[in-house]
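The block underneath contains the structure these notes are about, expressed in structure tokens.
2 protein chains.
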Amino acid sequence: MAVYTDVAAEDLADFLIHYDIGELLSYKGIAEGVENSNFLLHTSRGSYILTLYEKRVAKDDLPFFLGLMQHLAAHGINCPQPVVNRSGEALGVLAGRPAAIVNFLEGVWPRKVNTAHCAGVGQALAKMHLAGADFPMSRANTLSVSGWRALYAAAEPRADSVQTGLCRLLGTELDYLENDWPRSLPQGVIHADLFPDNVFFLGDKLSGLIDFYFACNDILAYDVAICLNAWCFEIDHSFNVTKARAFLNAYEKVRKLSVAERDAFPLLARGAAMRFLLTRLVDWLNVPPGALVRPKDPLEYVRKLRFHQSVKSIGDYGIEQTGSMA
Amino acid sequence: MAVYTDVAAEDLADFLIHYDIGELLSYKGIAEGVENSNFLLHTSRGSYILTLYEKRVAKDDLPFFLGLMQHLAAHGINCPQPVVNRSGEALGVLAGRPAAIVNFLEGVWPRKVNTAHCAGVGQALAKMHLAGADFPMSRANTLSVSGWRALYAAAEPRADSVQTGLCRLLGTELDYLENDWPRSLPQGVIHADLFPDNVFFLGDKLSGLIDFYFACNDILAYDVAICLNAWCFEIDHSFNVTKARAFLNAYEKVRKLSVAERDAFPLLARGAAMRFLLTRLVDWLNVPPGALVRPKDPLEYVRKLRFHQSVKSIGDYGIEQTGSMA
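In order, the protein sequence lines correspond to chains A and B.
In short: position in the first sequence from 1, add 35, done, that's my numbering.
In short: position in the second sequence from 1, add 35, done, that's my numbering.
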């Protein structure tokens with residue numbers, strides 16, 4: 036939650052001359068996005084989000100992210116749609132940073148997730164996977180299994196200071212995941228970070244998906260596993276099988292999981308828990324003294340990982356094991 | 036710039052049931068206000084600001100601030116107008132904090148102040164002073180001359196670590212101000228913090244005044260002196276007499292300064308510089324290690340104070356000395 040860069044009204048007015056979005060009425064730095072600076076713009080035409088990309092986002096990846104949002108929006112997905120300037124470009128420069136404007140999506144993200152939300156996100160994720168199928172660009176997932184060993188190495192020396200035995204748990208799990216990670220499951224464009232704060236609802240109806248800045252090409256069912264981790268556990272980290280059933284059934288109504296995807300699902304769920312456990316642990320161990328932003332608790336994902344380790348098959352997630360709905 | 040408190044969408048929806056402002060479409064924490072948490076709301080009726088009052092604002096002062104905004108708005112001042120709930124109350128409770136909703140003012144605050152801005156703020160300040168004349172509530176100014184000795188005491192032991200000789204400068208100036216501070220100038224409701232980030236413009240036209248959370252009863256011309264300090268110096272802290280002339284002339288077109296106010300003006304300008312110098316100095320000396328928010332530079336106001344010390348009369352601020360425009 037941060038605005039890293041202030042933008043002078045005069046500089047913004049100059050920037051907007053290159054866009055056909057009406058007269059600027061107001062703009063406010065908003066407390067969303069930890070990687071970039073975001074502003075909510077009001078113009079005589081409506082509301083927009085202006086994003087300044089800060090250092091942590093690789094500039095070379097921006098055409099992928101913006102192109103993906105354009106592609107998905109054109110294929111019926113409710114996501115921020117980049118506004119092109121008078122030269123047809125979605126990417127400009129403002130305050131010395133790469134900058135883009137997208138349309139503003141109304142909706143609020145649920146702080147208290149219910150089963151209807153889980154069904155909504157399941158359906159939307161599957162639609163996104165289908166809509167992304169013919170997107171021509173690609174981007175490797177640096178936070179997939181091949182990237183975990185380096186994160187583990189960074190966290191390993193002090194992991195046990197967070198929880199006794201954590202180092203050993205991670206090491207054993209990482210060996211297992213690296214050995215058994217599936218190589219031939221259907222791949223495509225995944226969101227890779229579809230947590231509740233990236234999904235908007237109006238009432239119980241899903242109104243949009245945002246924040247595609249972790250999107251990449253990877254195993255589609257791995258994206259499903261990330262969402263299951265993010266949406267189907269309670270505040271006390273206990274698994275809610277009703278939510279998982281609603282989520283997975285809604286996904287499968289749009290895109291059926293294959294037998295191979297179902298067989299691999301518990302492993303993918305462990306991998307998804309491992310990925311967020313590792314990045315949170317590294318952040319946790321590297322908080323600057325006196326920092327105002329408290330990092331997210333890595334132990335939440337230790338609990339989730341242990342749950343998935345106990346799972347025997349996708350049936351334990353609440354849906355029929357055999358795929359007999361096909 | 037901070038959002039201290041997150042608000043659950045579900046809690047906000049419950050809160051809004053008590054208001055007649057339409058259906059909630061979205062809300063974003065905005066990076067404005069250092070004392071409170073602010074959210075920009077979109078509803079089916081329009082845009083609003085929701086403020087949660089954090090600890091640094093005295094709860095007992097809220098009826099004064101909200102009542103003042105209602106009073107000023109009813110008297111033609113473009114300022115945030117509190118929205119009353121179905122019980123007729125402007126103040127509610129949300130997320131355990133006092134909370135209020137005001138209408139949203141379009142406009143942007145100028146990062147690069149020009150002469151037209153200065154004229155606009157001069158006119159608006161005078162109109163505000165007139166409109167506040169019959170506001171029935173009152174609030175003492177804890178940051179006026181009577182409060183400076185305590186700030187000086189807090190800063191004095193380490194003042195010279197910021198600039199050699201600063202302690203002596205402050206001590207001498209404080210003795211002078213306490214002795215000579217005027218006791219019989221016209222008083223009324225003052226804004227007390229009308230810096231550029233609290234004044235909105237659309238183009239060169241002033242569209243609104245915000246942030247009345249330092250408002251209080253004090254010498255009206257002292258408020259003029261605060262604005263002169265805030266608006267009529269350049270980035271390099273040099274005084275811009277053209278801006279000051281535009282500012283003061285625009286003020287006087289609406290509310291003429293008396294001879295006594297004019298005579299006292301250089302002293303009031305020194306006092307205004309002293310007030311911001313002292314609070315900035317105390318903040319500067321008390322930054323928590325590793326804090327992400329960089330405090331404002333107190334030395335800016337050392338430069339301004341020294342300038343005012345060199346002033347012989349209000350004529351040095353660019354307007355006619357004798358008040359012959361009357």
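Even glycine gets a Cβ: it sits at the ideal position worked out from N, Cα and C.
Evaluate residue i with the Cβ neighbour count: other Cβ atoms within 10 Å of its Cβ, from every protein chain shown; 16 or more gives buried, anything less gives exposed.
i, result
"threonine 207 of chain A", "exposed"
"histidine 53 of chain A", "exposed"
"proline 231 of chain A", "buried"
"phenylalanine 50 of chain A", "buried"
"alanine 128 of chain A", "It should be pointed out that residue 128 of chain A corresponds to valine in this sequence rather than to alanine. Label assigned to valine 128 of chain A: exposed."
"alanine 93 of chain B", "exposed"
"valine 259 of chain A", "buried"
"arginine 290 of chain A", "buried"
"lysine 147 of chain B", "exposed"
"proline 145 of chain B", "buried"
"glutamine 356 of chain B", "exposed"
"aspartate 55 of chain A", "exposed"
"serine 359 of chain A", "At serine 359 of chain A, the pLDDT of 45 sits below 50, so the modelled position is not reliable; the number obtained from the coordinates is stated separately. Serine 359 of chain A comes out exposed."
"alanine 361 of chain A", "Low confidence applies to alanine 361 of chain A: its pLDDT is 39, below 50, so where it sits in the model is not reliable enough to give any reading."
"glutamate 67 of chain A", "buried"
"arginine 203 of chain B", "exposed"
Kindly indicate the opening and closing residues of the beta strand (DSSP E) around residue i.
i, result
"threonine 86 of chain A", "81-87"
"lysine 240 of chain B", "240-244"
"asparagine 284 of chain A", "First-last for asparagine 284 of chain A: 276-289, but that is the alpha helix (DSSP H), not the beta strand (DSSP E)."
"threonine 40 of chain B", "Premise fails: threonine 40 of chain B is in no beta strand (DSSP E) and is neither H nor E."
"valine 234 of chain A", "234-237"
Have a look at the options and flag the residue whose alpha-carbon is nearest the alpha-carbon of residue i.
i, options, result
"arginine 174 of chain A", "A:His226, A:Gly155 and A:Arg218", "A:His226"
"aspartate 239 of chain A", "A:Phe268, A:Thr150 and A:Gly57", "A:Thr150"
"glutamine 198 of chain A", "A:Phe170, A:Leu229 and A:Leu312", "A:Leu312"
"glutamine 344 of chain A", "A:Ala307, A:Ser179 and A:Ile354", "A:Ala307"
"alanine 365 of chain A", "A:Leu97, A:Ala304 and A:Arg218", "Nothing about residue 365 of chain A can be reported from this structure: the residues present for chain A run from 36 to 361 only."
"valine 137 of chain A", "A:Gly111, A:Leu101, A:Gly131 and A:Lys162", "A:Leu101"
"tyrosine 211 of chain A", "A:Asn73, A:Tyr62, A:His77 and A:Met309", "A:Met309"
"isoleucine 112 of chain B", "B:Val322, B:Ile261, B:Glu269 and B:His164", "B:His164"
"cysteine 114 of chain A", "A:Phe139, A:Ala135, A:Ala185 and A:Ser82", "A:Phe139"
"serine 196 of chain B", "B:Arg338, B:Pro333 and B:Asp46", "B:Pro333"
"valine 317 of chain B", "B:Lys147, B:Thr277, B:Leu205 and B:Ala125", "B:Leu205"
"serine 61 of chain A", "A:Glu45, A:Asn71 and A:Glu191", "A:Glu45"
"glutamate 213 of chain A", "A:Ala190, A:Ser179 and A:Ala125", "A:Ser179"
"aspartate 271 of chain B", "B:Lys339, B:Asp246 and B:Pro323", "B:Lys339"
"proline 301 of chain B", "B:Val346, B:Leu255 and B:Val119", "B:Val346"
"lysine 288 of chain B", "B:Cys262, B:His106, B:Ala161 and B:Gly64", "B:Ala161"
"lysine 278 of chain A", "A:Asp351, A:Lys331 and A:Phe249", "A:Asp351"
"glycine 157 of chain B", "B:Ile84, B:Leu263 and B:Val337", "B:Leu263"
"aspartate 96 of chain B", "B:Leu85, B:Glu191, B:Phe249 and B:Leu107", "B:Phe249"
"asparagine 321 of chain B", "B:Arg193, B:Lys63, B:Asn73 and B:Pro98", "B:Arg193"
For residue i versus residue j, is the C-beta distance shorter than 8 angstroms?
i, j, result
"alanine 59 of chain B", "alanine 43 of chain B", "A small fix is needed here, since residue 59 of chain B is leucine in this sequence, not alanine. Cβ distance not < 8 angstroms, so leucine 59 of chain B and alanine 43 of chain B don't count as in contact."
"phenylalanine 235 of chain A", "glycine 155 of chain A", "no"
"serine 3 of chain A", "proline 221 of chain A", "The structure shown does not extend to residue 3 of chain A, since chain A is modelled only from 36 to 361, so the question has no answer here."
"alanine 295 of chain A", "glycine 223 of chain A", "no"
"leucine 244 of chain A", "alanine 299 of chain A", "no"
"phenylalanine 342 of chain B", "cysteine 153 of chain B", "no"
"leucine 186 of chain A", "threonine 314 of chain A", "yes"
"asparagine 284 of chain A", "isoleucine 354 of chain A", "yes"
"asparagine 176 of chain A", "asparagine 252 of chain A", "yes"
"leucine 87 of chain B", "alanine 130 of chain B", "yes"
"phenylalanine 247 of chain B", "leucine 76 of chain B", "no"
Residue i bridges to which residues according to DSSP?
i, result
"aspartate 253 of chain B", "B:Gly223"
"phenylalanine 74 of chain B", "B:Gly64 and B:Leu85"
"proline 133 of chain B", "B:Val128"
"leucine 59 of chain A", "A:Thr78"
"proline 117 of chain B", "B:Val137"
"phenylalanine 268 of chain B", "B:Phe274"
"valine 92 of chain B", "Note: valine 92 of chain B sits in no beta bridge, so no partner."
Tell me which residue opens and which closes the alpha helix (DSSP H) that residue i is part of.
i, result
"tyrosine 211 of chain A", "201-215"
"leucine 103 of chain A", "97-109"
"leucine 320 of chain A", "294-320"
"aspartate 46 of chain A", "44-51"
"glycine 350 of chain B", "Unbroken run through glycine 350 of chain B: none, as it is neither H nor E."
"tryptophan 183 of chain A", "180-190"
"methionine 172 of chain A", "Careful: methionine 172 of chain A lies outside any alpha helix (DSSP H) and carries neither H nor E."
"tyrosine 336 of chain A", "334-344"
"valine 197 of chain B", "194-197"
Is there at least one non-hydrogen atom of the ligand NAP closer than 7 angstroms to the beta-carbon of residue i?
i, result
"aspartate 228 of chain B", "Only the bare structure without any ligand can be found here, which leaves the ligand NAP out of the picture."
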